[in-house]
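This report concerns only the one structure given below.
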Amino acid sequence: MISLYEAHKKIYPRSVSGLFSRWRWAMVFLTQLVFYGMPWLEWGQRQAVLFDLTARRFYIFNLVLYPQDFIYLTGILVISAFSLFLFTAVAGRLWCGYACPQTVYTEIFLWLEKLTEGDRAARLRRDSGPWNLDKLWRKAAKHFLWLAVALWTGFTFVGYFTPIHDLGREFVQMRLSSWENFWVFFYGFATYGNAGFMREQVCKHMCPYARFQSAMFDKDTLIVTYDKERGEPRGARSKKASASALNLGACVDCNLCVQVCPTGIDIRKGLQYECIGCGACADVCDTIMDKMGYAPGLVKYSTENAVNQHWTKAQTLRHVLRPRVLIYIAILGTVVTAMAVSLATRLPFKVDVVRDRGALARIVEGGRIENVYRLQLMNASESQQNFHISVEGLPGLAVASEQDVAIESTQARWVAVRVQAPFEAAPAGSHTIHFEITSKDTAGKLLEKSVFIVPR
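Residue numbering for the sequence shown follows numbering that gives the first Met the number 0, starting at 0 and increasing by one per position.
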């Protein structure tokens, strides 16, 4: 019988130490310190970072964002996209190898696997052997630790949307809501499955980034490369043997570069879409080169042009800063600057003006024309604000209702506003007017356009 699909073979990555491994673990600690620690930070009387979907408010330290601030989310997405384009154009799958959650949690789960089951050789031997008490308790301990980390990850994720101190009390008292339970377990078991079982399958088959990366690479992109000219022909030899006398290259064909690869590829076959650019093969190869007394860098971060033309590091870096990269930097810098200026000049309140459709224009006492509006005043600051409402646009136009309004911190309030104008102020029809809302506390001022209707 012919199978159309290749059976999946479990990969047992060998542990490795070196420069890139240290950088990778530094990113693991940094990203997880931010992820697990951020929800526990307090800012005044509230959580420092909280995405309150129920109240439709996002709290980010001293910043309070409303649905009307959706433009900032767009800006963040644009910045993220161009950052990814920039990093990829400069250094390939830098994100994948060092900061992607799939990579980070796979590293953590592999460390727990090594802690409970031993190194690669011990895991291979144990998995191929029969079940016994030693194998049973080690497997059980591993899965217990995996589940603990995964569920804590799910709990932390939900803690960004529900105050985490409240979430902790609800968890202890077993009073989590159905949605909180769902997301804790969904995110937790997604982490458990992806990092514990699927691992490289996510990178190879589920992640779209692996598929379109080739469109973002060129011959001056820094990637993990094998110096074929120096390494071939490969072959085993003793440390004392002369490679030139044996007509061999620097590669001793130890196959360790394959054993340490988290996706199980052979970097000596050239660039492959499965490569996540983690540099594990470069670390282990440098270790072997050092033991053999050879120069390091048989496998290294370099560019295709640099390897083929034997450029120095300085020449390579000069070619990395090519027009495409400079364009990405310019666009990214422009968007970041625009976002920073917008946030720095953003007023701590917002106003929406809606005509009261239940009360049409009418003639009131004194022969004046009155229109009624509903103003939504949103206080985006952390303290109470006092507002003054005025109006302009027609001769004699004035606010006939209460003009001073107080709004509590991070609250919104609808206010009915009656606006009157003399009968002779304008001909019949619709006329543009502007509401002027001034904060007495911050001296900020907003103008909102509306329409004043003069009846026939």
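Glycine included, each C-beta is placed from N, C-alpha and C at the ideal position.
message: Using only the alpha-carbon positions, how far apart do G96 and G278 sit?
response: What you label residue 96 is simply residue 97 of the sequence shown in a count that begins at 1. What you label residue 278 is simply residue 279 of the sequence shown in a count that begins at 1. Distance between the alpha carbons of G96 and G278 is about 8 Å.
field: Euclidean distance between Cα positions of D133 and I107
entry: Along the sequence shown, read from residue 1 onward, the residue named residue 133 stands at position 134. Along the sequence shown, read from residue 1 onward, the residue named residue 107 stands at position 108. Each residue's Cα considered, the two are about 23 Å apart.
- request: Output the distance between the C-alpha atoms of P295 and M197, rounded to the nearest integer angstrom.
  value: Here residue 295 refers to the residue found at position 296 of the sequence shown. Here residue 197 refers to the residue found at position 198 of the sequence shown. Each residue's alpha carbon lies about 33 Å from the other.
query: Which first and last residues belong to the beta strand (DSSP E) in which W413 is found?
result: Indexing the sequence shown from 1 puts residue 413 at position 414. Start and end: A411 to A420.
query: Can you name the residues that DSSP bridges to G428?
result: Taking the first residue of the sequence shown as 1, we reach residue 428 at position 429. Paired residue(s): V453.
message: By alpha-carbon positions, which one of K238, G332, G230 and Y208 ends up nearest to G276?
response: Here the question's residue 276 lines up with position 277 in the sequence shown. It is Y208 whose Cα lies nearest to the Cα of G276.
Three-way DSSP call (helix, strand, coil) for Q271 in this model: As a working note, residue 271 is residue 272 in the sequence shown. Coil at Q271, not helix or strand.
message: By the three-class DSSP mapping on this structure, what secondary structure does R345 have?
response: Working through the sequence shown from its first residue, we reach residue 345 at position 346. Coil, per DSSP.
field: Range covered by the beta strand (DSSP E) that runs through K290
entry: Locating residue 290 in the sequence shown gives position 291, where the first residue counts as 1. Note, K290: premise wrong, no beta strand (DSSP E); alpha helix (DSSP H) at A279 to M291.
- prompt: Taking V371 as the reference, which of E179, A360, P66 and Q101 has the closest Cα?
  reply: Position 372 of the sequence shown, counted from the first residue, corresponds to residue 371. Taking only the C-alpha atoms, the option nearest V371 is A360.
- request: Use the C-beta contact count for M456: other C-beta atoms within 10 angstroms, 16 or more gives buried, fewer gives exposed.
  value: Residue 456 falls outside the range modelled here, since the chain spans only 0 to 455, and no answer is possible.
field: 4 or more residues per run - each alpha helix (DSSP H) lying fully within the segment 291-362
entry: 303-308, 312-319 and 322-343
field: Cβ-Cβ distance between V390 and V418 below 7 Å
entry: One-based indexing of the sequence shown puts residue 390 at position 391. One-based indexing of the sequence shown puts residue 418 at position 419. Contact flag set, yes.
task: Assign G127 to one of three DSSP states: helix, strand, or coil.
output: On the sequence shown, residue 127 is found 128 positions in, with the first residue counted as 1. Here residue 127 is Ser; the residue named in the question, Gly, does not match the sequence. S127 falls in the helix class under three-state DSSP.
message: Could you pull the DSSP bridge partners for H387 from this structure?
response: The residue you call residue 387 lines up with position 388 of the sequence shown. According to DSSP, H387 bridges with D403 and T437.
query: Using the beta-carbon count (16 or more within 10 Å), is K268 buried or exposed?
result: Taking the sequence shown and counting its residues from 1, one reaches residue 268 at position 269. K268 is exposed by the Cβ-count criterion.
task: Given a cut-off of 7 Å, decide if V183 and V223 are closer than it, judged by their beta-carbon atoms.
output: As a working note, residue 223 is residue 224 in the sequence shown. As a working note, residue 183 is residue 184 in the sequence shown. For V223 and V183, no; Cβs fall outside 7 Å.
field: Buried versus exposed, by CB contacts within 10 Å (16 or more), I266
entry: Along the sequence shown, one-based indexing puts residue 266 at 267. I266 should be labelled buried.
query: Smallest Cα separation from F81: which of V414, T333 and L146?
result: If you number the sequence shown from 1, residue 81 lands on position 82. Among V414, T333 and L146, the Cα nearest to that of F81 is on T333.
message: To the nearest angstrom, how far is the alpha carbon of L114 from that of L221?
response: Here the question's residue 114 lines up with position 115 in the sequence shown. Here the question's residue 221 lines up with position 222 in the sequence shown. Roughly 34 Å between the two C-alpha positions.
Residue from A54, G74 and L247 with nearest C-alpha to M338: Your numbering for residue 338 matches position 339 in the sequence shown. Comparing Cα positions, the closest option is G74.
task: Tell me, please, which residues DSSP counts as bridged to T224.
output: Translated into positions along the sequence shown, residue 224 becomes position 225. Beta-bridge pairing links T224 to K299.
- prompt: Under the rule that 16 or more other beta-carbon atoms within 10 Å means buried, what is A25, buried or exposed?
  reply: For the purposes of this step, residue 25 is taken as residue 26 along the sequence shown, with counting starting at 1. Classification for A25: exposed.
- request: Could you tell me which of L393, S380 and A424 sits nearest to E407, measuring between CA atoms?
  value: Here residue 407 is taken as the residue at index 408 of the sequence shown, counted from 1. Residue S380 is the option with its Cα nearest to E407.
field: Identified DSSP bridge partners for W456
entry: With the chain covering 0 to 455 only, the question about residue 456 has no answer from this structure.
Residues near V201 in its chain [Cβ-Cβ closer than 6 Å; skip 5 each side]: Numbered from 1 along the sequence shown, position 202 holds the residue referred to as residue 201. These residues qualify, in order along the chain: Q101 and N193.
message: For F434, which residues in the same chain have their Cβ closer than 6 Å to its Cβ, ignoring the five residues on either side in sequence?
response: Counting from 1 along the sequence shown, the entry for residue 434 is found at position 435. Hits under 6 Å: V352, V390 and E447.
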